[in-house]
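Numbering (this note's numbering), first residue to last: 40 to 157.
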C-alpha cells in the first residue's frame, strides 16, 4: 500500500483482505518531493500540495508520481511533471529529482490512468 505526504512516498506491507488498522510506520520509497529547482524557489510550501501516485499496470514495477505546478505560470517545469521510478532497483528510497521524467509541462494532474496497451 502506498501513501504520501507533500515530501515523501511511503509503503506498507498489505495482504488482500487484511483488516488491521495498525500498519505501523511506513517505509520511505521516494523522498524530497518538496525540493527546490536550481532556477527558482519552488518548494512544496507554495503551489499544489497534492501528489498523485500510480503503479504501472500488470507488473507494478514502476511508480509514477505527479507533482503540480508551484504557481499558475511556472518559469520552469521542475514540478509540473510526472516522474517514474523503477521499484525493482535496489536503491530505495529514491530522491525525487532522480526519477525519470515521464511527462512534462503539466500544471496540476490529479489522476493518472493507462489505456489497455499500458
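Glycine is no exception: its CB is placed at the ideal position from the N, C-alpha and C atoms.
Computed from a prediction, not measured in an experiment: that's the story for all the values here.
Quick one: Cα of residue 139 to Cα of residue 67, how far?
-> In this model, residue 139 and residue 67 are separated by some 18 Å (Cα to Cα).
Counting along the chain, where does the beta strand (DSSP E) carrying residue 142 start and finish?
-> 139 to 143
Curious, which full-length alpha helix (DSSP H) runs of at least 4 residues does the segment 45 to 69 contain?
-> none
N-terminal and C-terminal residue of the beta strand (DSSP E) that residue 106 is part of = In this chain, the beta strand (DSSP E) harbouring residue 106 covers 101 to 106.
Can you check DSSP and say which residues form a bridge with residue 125?
-> DSSP lists 101 as partners of residue 125.
Residue 91 and residue 69: beta carbons closer than 8 Å?
-> Result no, Cβ atoms of residue 91 and residue 69 do not sit closer than 8 Å.
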